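Numbering (my numbering), first residue to last: 484 to 848.
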């Protein structure tokens, strides 16, 4: 029985850590013309923080999301750099079987990319030049300084590129399987449809904004297979299964790219750190990371992330038996109004800054 429980625990842990949902959005279907890179992160590391790495030698400076405790800033899990390059990933589970002992290097690869890349070609050259096996099974999502976007479905030795410009709908979505991988393998088909349910109508209307992700999809308990939004069901409890937000969710981040004539300082990394349904967005720029998102607590942890973890523990309040798989929708609704208000305030402040900057440029011209 002990062995069975250990195996079950490991299986549940694996399921929890494979649930990232992501998208790349063309500026052609956003309200302001800026391309977007979005990742809703799920991981066994519930503590996340954001930090800036200064440029060194011929390397770019950058800001990125890290696991709590990563005091050496070795593995970046999403970020943007001084050259206007941005990257994220989702784990993929239907690419070529990973037989090597060298694994889980996605964060290391993304840190190298942030240090050295400006364009899609730079990233492709990096993947080609790194020693093999790479130690990755991933869908890397990239935006570059020229406004180009792509997914790179990448295994230990090869990658397949899917360009955003070839996406007829104006967006690409990846969860935890690769289009170029084994058919019907991997995970995330229901979550992909959950995200598509939200994105498609706004892409058709060409009015996508970052809030669609941080205030919409990452807080949504719509289930595409069942066809039901559990937040509007009147039920208090729901099973934590196949929603975009999950108990293992640790961040939702949208990187908003540049418009022609702008600089990387005009990019914004809209960051919901911690469990997204009870968190709110902070505006991170290439030169400014809010102090509460930085690793100032013992153990190299973020104060704000810890705050949201405390709230998440109230949402998943049943500890005995299988109770940890049930979430309290009423508790989320208690926190939601204030978190949405704080997010709205963050968006308003940052956009006012960008508008003032644009007006100064116009007056100068």
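For glycine and all other residues, C-beta sits at the position ideal for the given N, C-alpha and C. Predicted model only: the values in this text are computed from it and were never measured.
For residue 631, no pairing in a beta bridge is given by DSSP. The stretch 712-731 and the stretch 540-555 do not touch, with fewer than 3 CB-CB distances between them shorter than 8 Å. Residue environment analysis places residue 842 among the exposed positions, since fewer than 16 neighbouring C-beta atoms fall within 10 angstroms of its C-beta. Bridge pairing for residue 645: 634 [DSSP]. By the Cβ neighbour-count rule, residue 708 is exposed, with fewer than 16 other Cβ atoms within 10 Å of its own.
Collapsing the DSSP output to three states places residue 727 in coil. Taking C-beta atoms under 8 Å as the contact rule, residue 788 and residue 531 qualify, at a distance of about 5 Å. For residue 732, the enclosing beta strand (DSSP E) begins and ends at 732-739.
Per DSSP, residue 796 is one residue of the alpha helix (DSSP H) stretching across 786-798. One thing to note: residue 619 has its Cβ within 7 Å of the Cβ of residue 637. Collapsing the DSSP output to three states places residue 699 in a helix. By the criterion of a C-beta distance shorter than 6 Å, residue 664 is surrounded in its chain by 577 and 578, once the five residues flanking it on both sides are discounted.
Sorting 504, 622, 588 and 633 by C-alpha distance to the C-alpha of residue 604 places 633 at the top. For the set 574, 541, 558 and 534, the Cα lying nearest the Cα of residue 772 is the one of 534.
In the structure shown, residue 522 falls within a strand segment according to DSSP collapsed to helix, strand and coil.
Assignment of beta-bridge partners to residue 535 by DSSP yields 546.
A distance below 8 Å between beta-carbons, with the five flanking residues on each side excluded, links residue 538 to the following residues of its chain, in chain order: 544 and 565. Taking 7 Å as the cut-off, the Cβ atoms of residue 560 and residue 590 count as close.
For residue 605, the enclosing alpha helix (DSSP H) begins and ends at 603-612.
Rounded to the nearest whole angstrom, the C-alpha separation of residue 625 and residue 602 is 9 Å. Here residue 672 has 658 and 660 as same chain residues with Cβ atoms under 8 Å from its own Cβ, once five neighbours each way along the sequence are excluded. When DSSP reads this structure, residue 504 sits in a beta bridge with 523. Assigned with DSSP and collapsed to three states, residue 838 falls in helix. Contact between the stretch 501-513 and the stretch 751-763 is absent: fewer than 3 CB-CB pairs across the two stretches fall below 8 Å.
In the structure shown, residue 622 adopts extended strand secondary structure according to DSSP, grouped into three states. In this chain, the alpha helix (DSSP H) harbouring residue 687 covers 672-688. Residue 599: not part of any beta strand (DSSP E); member of the alpha helix (DSSP H) spanning 589-599, first to last residue.
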